[in-house]
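Using this note's numbering, the first residue of the sequence shown is number 38, and each one after it goes up by one. By construction, the Cβ of each residue, glycine as well, lies at the ideal position given by its N, Cα and C atoms. The block underneath contains the structure these notes are about, expressed in structure tokens.
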Amino acid sequence: MTARVFIDGGVGTTGLEIRDRLAGRDEIALVTLPEDRRKDAAARADALNAADFVILCLPDDAAIEAMSLIENPNTRVIDASSAHRIADGWTYGFAELEPGQQAAIAESPRVSNPGCYPTGFLALVRPLVRAGVIPHDWPLSVNAVSGYSGGGKSMIAAFEDAGAPGADATAWRGYALGLAHKHMPEMQRHARIAHAPIFAPSVARTYRGMVVQVPLPLHALPRSWSLAQIETILADAYRDSAIVRVASREDALVRIEDDAGTDRLTVRVTGDDTNGLAMLVATLDNLGKGAAGAAVQNLNIMAGLDPVAGLSL
38 MTARVFIDGG VGTTGLEIRD RLAGRDEIAL VTLPEDRRKD AAARADALNA
88 ADFVILCLPD DAAIEAMSLI ENPNTRVIDA SSAHRIADGW TYGFAELEPG
138 QQAAIAESPR VSNPGCYPTG FLALVRPLVR AGVIPHDWPL SVNAVSGYSG
188 GGKSMIAAFE DAGAPGADAT AWRGYALGLA HKHMPEMQRH ARIAHAPIFA
238 PSVARTYRGM VVQVPLPLHA LPRSWSLAQI ETILADAYRD SAIVRVASRE
288 DALVRIEDDA GTDRLTVRVT GDDTNGLAML VATLDNLGKG AAGAAVQNLN
338 IMAGLDPVAG LSL
């Protein structure tokens with residue numbers, strides 16, 4: 038059976054990446070609109086209701102509006118915006134996050150695609166909270182750097198076009214210095230922790246790729262843990278995953294490009310047992326497992342297909 042899929046916002050960065058991953062797949066039929074009707078409300082409503090699966094690649098307000106246009110009870114939705122990531126009635130689309138999460142995605146009519154930064158943070162933290170390594174009320178911080186494609190067309194232009202408004206020739210820039218980034222409620226909710234982490238995001242002059250780091254003072258935890266024990270917990274959590282892998286601590290060099298151009302995610306534990314210091318590190322592609330790759334993975338799961346079909350691992 039062929040699944041009819043409509044990508045609303047298919048000409049944006051994430052939409053185009055999703056389209057590339059679905060190209061040439063016989064089990065997928067894309068519902069498309071002519072260019073002159075792409076912003077026509079009636080045409081969009083028809084497409085939204087004609088599809089078996091809709092993937093929303095829109096700003097938050099537009100994603101909420103699109104949901105109001107869907108009247109067909111059989112249309113299932115994957116929202117790649119941040120509009121529904123902590124909303125009731127939506128399943129969080131991180132298949133590896135919890136035991137049973139993939140099964141929940143498979144049955145859900147409404148799936149919210151995770152954010153790129155939260156994907157790295159949650160992959161590192163959630164298994165350790167679940168195992169009791171990190172207490173529920175522990176004060177966490179997370180530092181992250183992303184390729185500039187994560188900022189969409191305006192940021193891409195700022196980094197690539199010297200004449201664009203807001204053009205930026207810097208190699209690195211930090212932002213959200215008020216510590217109120219919109220991803221923080223998502224991180225707190227799905228990590229199941231009492232407090233939002235201190236989150237320091239940044240952008241580097243590279244198109245794609247991401248590094249997420251969570252420092253963990255082992256010496257201050259309620260009980261003693263070694264780097265090897267933490268690594269084992271993460272390895273057990275992702276043992277059956279084809280997408281999330283645990284790198285050896287012997288691989289000491291971490292680069293933002295390590296998983297760029299792929300749909301995989303790599304986690305690792307680094308640090309010093311003697312002084313009780315650990316650094317949890319995740320690398321991923323902000324457009325891959327951080328966006329389009331996750332959306333296609335969720336589509337595959339919801340349609341009963343191979344979860345990694347069309348993905349680059």
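Whole-Å CB distance - residue i paired with residue j, under 8 Å assumed
{"i": "Leu216", "j": "Ile235", "result": "6 Å"}
{"i": "Ala233", "j": "Gly211", "result": "Not quite, the Cβ-Cβ distance comes to about 18 Å (not below 8 Å), so this is no contact."}
{"i": "Ile44", "j": "Arg56", "result": "6 Å"}
{"i": "Thr320", "j": "Thr303", "result": "5 Å"}
{"i": "Ala117", "j": "Cys94", "result": "5 Å"}
{"i": "Leu85", "j": "Ile107", "result": "5 Å"}
{"i": "Gly203", "j": "Ala213", "result": "Their Cβ separation, rounded to whole angstroms, is 16 Å, which puts Gly203 and Ala213 out of contact at 8 Å."}
Exposure label - residue i; buried when at least 16 CB within 10 Å
{"i": "Val48", "result": "exposed"}
{"i": "Met221", "result": "buried"}
{"i": "Met339", "result": "buried"}
{"i": "Gly126", "result": "exposed"}
{"i": "Ala266", "result": "What sits at residue 266 in the sequence shown is Gln, not Ala. Exposed, since its Cβ has fewer than 16 Cβ neighbours within 10 Å."}
{"i": "Val175", "result": "In the sequence as presented, Val is not what sits at residue 175; that position holds Trp. Counting Cβ neighbours within 10 Å, Trp175 comes out buried, since at least 16 surround it."}
{"i": "Trp262", "result": "buried"}
{"i": "Gly189", "result": "exposed"}
{"i": "Ser285", "result": "exposed"}
{"i": "Ala328", "result": "buried"}
{"i": "Leu350", "result": "exposed"}
Start and end residues, beta strand (DSSP E) containing residue i
{"i": "Leu67", "result": "Ile65 to Val68"}
{"i": "Gly308", "result": "Leu302 to Asp309"}
Residue span of the alpha helix (DSSP H) that contains residue i, given as start and end
{"i": "Ser105", "result": "Asp97 to Leu106"}
{"i": "Ile92", "result": "Taken as a continuous stretch (DSSP letters only), Ile92 belongs to no alpha helix (DSSP H), being part of the beta strand (DSSP E) at Phe90 to Leu93."}
{"i": "Val162", "result": "Cys153 to Arg167"}
{"i": "Asn335", "result": "Gly330 to Met339"}
{"i": "Arg56", "result": "Thr50 to Leu59"}
CB of residue i within 8 Å of CB of residue j, strictly
{"i": "Thr156", "j": "Lys326", "result": "yes"}
{"i": "Asp296", "j": "Asp273", "result": "no"}
{"i": "Gly130", "j": "Pro151", "result": "yes"}
{"i": "Ala100", "j": "Ala120", "result": "yes"}
{"i": "Asp31", "j": "Leu348", "result": "The requested residue 31 is not part of the displayed model; the chain covers only 38 to 350."}
{"i": "Ser191", "j": "Cys153", "result": "no"}
{"i": "Met247", "j": "Ile280", "result": "no"}
Beta-bridge partners of residue i, as assigned by DSSP
{"i": "Phe43", "result": "Val68 and Val91"}
{"i": "Arg147", "result": "Val114"}
{"i": "Gly126", "result": "Its beta-bridge partners do not exist; DSSP assigns none."}
{"i": "Pro238", "result": "Ala181"}
CB contact below 8 Å: residue i versus chain C
{"i": "Ser105", "result": "The structure shown contains no chain C; it is built from a single protein chain."}
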